[in-house]
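Visitor:
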Amino acid sequence: MVTMIVVENLSSKKLHDVSMVIEGITCVLGDWDKDKEQLVSALLGKTKFEGKVFKYPEGTLRREQVRVIPREMERINVKASQFLKYLARKYGGNCEAIMSFLQIEDKKMTEMGDLELFKVYLAQAFMGKVSLIISEDFLELFEEQAKVKAIKYLVKTANLVKSSLLLFTSSAEYLDFCNRTYVIYGGRVLEEGKRELFHPYAVTLRNSAISLGKPMERLEVIEIGKPSERGCPFHEYCYATKNNKELFKKCLMHMPPMFAKDGNKVACWLYEG
């Protein structure tokens, strides 16, 4: 049985009342920034915060039950077997069997390609008791061919070790793998849903991933900068407020609550009533 991780009203310097249920394959869509870093740090118990993080129904989520695939994977000048033996001393596990299963060649990590290096870091998920695998947004830094393969490895591994997976991504291309998706920007949950998302921030990220179709076709690309600290964090870049002064003023002054939209929960005044 996969462990459920519950996050209730998590607040810190960069997070504002973040509530989530992490179960199965759970995705966080949003540009990688300080708010995502603090969320990972809070789940690891490294950052002070208000709110609760716990396993349901068992209780405390312990640090040794969490494995992190970092956004920037360090290419250490040692062989894969040496690195994994170090991790095995910490968590337990049979390095040779894990390397064989993941087809990891025992060469120096400095000589590895993106996917090879990823599998070395993924190997820790097969060591010890694992309740949660956190995958930071490394996909943004990977070559295109390696991205889908890496996600498939992540999903398969989580299923094999019966762990929940929290996958951070700045691209809406990969949400088909997710059981549940949270859209986070400016330290706030802007939407909770499945694959189809409605918040203007999520729609903007999705549209930015669309490749050009017809020759000479032009797609409007919206530059997303720092989130606003007042009202909805996305109001300065939102296409919905562009030609609507009343809506812009409302989004500037007030952070919207969650509204129901086709089975999703969306923090956007467009879906009020």
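Mapping of the sequence shown onto the numbering used here: position 95 corresponds to residue 95, and the numbering continues sequentially without gaps.
Don't be surprised by glycine CBs; every beta carbon is placed ideally from N, CA and C.
Sort A146, V7, N94 and I224 by Cα distance to G45 and report the nearest one.
Guide: V7
Visitor: What do you reckon, are the CB atoms on L197 and S131 nearer than 8 Å?
Guide: no
Visitor: On the DSSP bridge list, what partners appear for R89?
Guide: The partner list for R89 (beta bridge, DSSP) is empty, contrary to what the question assumes.
Visitor: Would you identify the three-state DSSP class for F142, choosing helix, strand or coil?
Guide: coil
Visitor: May I have the straight-line CA-CA distance separating R230 from F177, to the nearest angstrom?
Guide: Near 33 Å, if we compare the C-alpha coordinates of F177 and R230.
Visitor: Which residue comes first and which comes last in the alpha helix (DSSP H) that contains R206?
Guide: First-last of the alpha helix (DSSP H) with R206: P200 to S208.
Visitor: Enumerate in chain order the residues of its own chain whose CB-to-CB distance from R67 is below 6 Å, with the five nearest sequence positions on each side excluded.
Guide: The beta carbon of R67 sits closer than 6 Å to those of Q124, A125, V130 and I133, all from its chain and outside the five residues before and after it, given in chain order.
Visitor: Reducing DSSP to helix, strand and coil, say where M306 ends up.
Guide: In the structure as shown, the chain starts at 1 and stops at 273, and residue 306 therefore has no counterpart that could be examined.
Visitor: Using the Cα positions of E37 and L247, report the straight-line distance between them to the nearest angstrom.
Guide: Our two residues, E37 and L247, have alpha carbons roughly 31 Å apart in a direct line.
Visitor: DSSP beta-bridge partners for M4?
Guide: Y56
Visitor: Quick one: is L165 buried, meaning 16 or more other Cβ sit within 10 Å of its Cβ, or exposed?
Guide: By the C-beta density criterion, L165 is buried, having at least 16 other C-beta atoms within 10 angstroms.
Visitor: Going by beta carbon distance, what residues of the same chain come within less than 6 Å of K205, once the five residues before and after it are set aside?
Guide: Checking the sequence shown, residue 205 turns out to be Leu, not Lys. Closer than 6 Å at the Cβ level, and outside the excluded window around L205, lie A172.
Visitor: Which whole-angstrom value describes the C-beta separation of Y185 and Y174, a residue pair presumed to lie in contact below a C-beta threshold of 8 Å?
Guide: No, Y185 and Y174 are not in contact; Cβ-Cβ is about 18 Å, not under 8 Å.
Visitor: Along the beta strand (DSSP E) that carries C27, what are the first and last residues, could you check?
Guide: I25 to L29
Visitor: When burial is assigned at 16 or more other CB atoms within 10 Å of the CB, is D113 buried or exposed?
Guide: According to the sequence shown, residue 113 is Gly rather than Asp. Counting Cβ neighbours within 10 Å, G113 comes out exposed, since fewer than 16 surround it.
Visitor: Determine the closest residue to Q203 out of K85, G30, S100 and S11, with distance taken between C-alpha atoms.
Guide: Residue identity differs from the one stated: residue 203 is Val in this sequence, not Gln. With distances taken between Cα atoms, V203 lies closest to G30.
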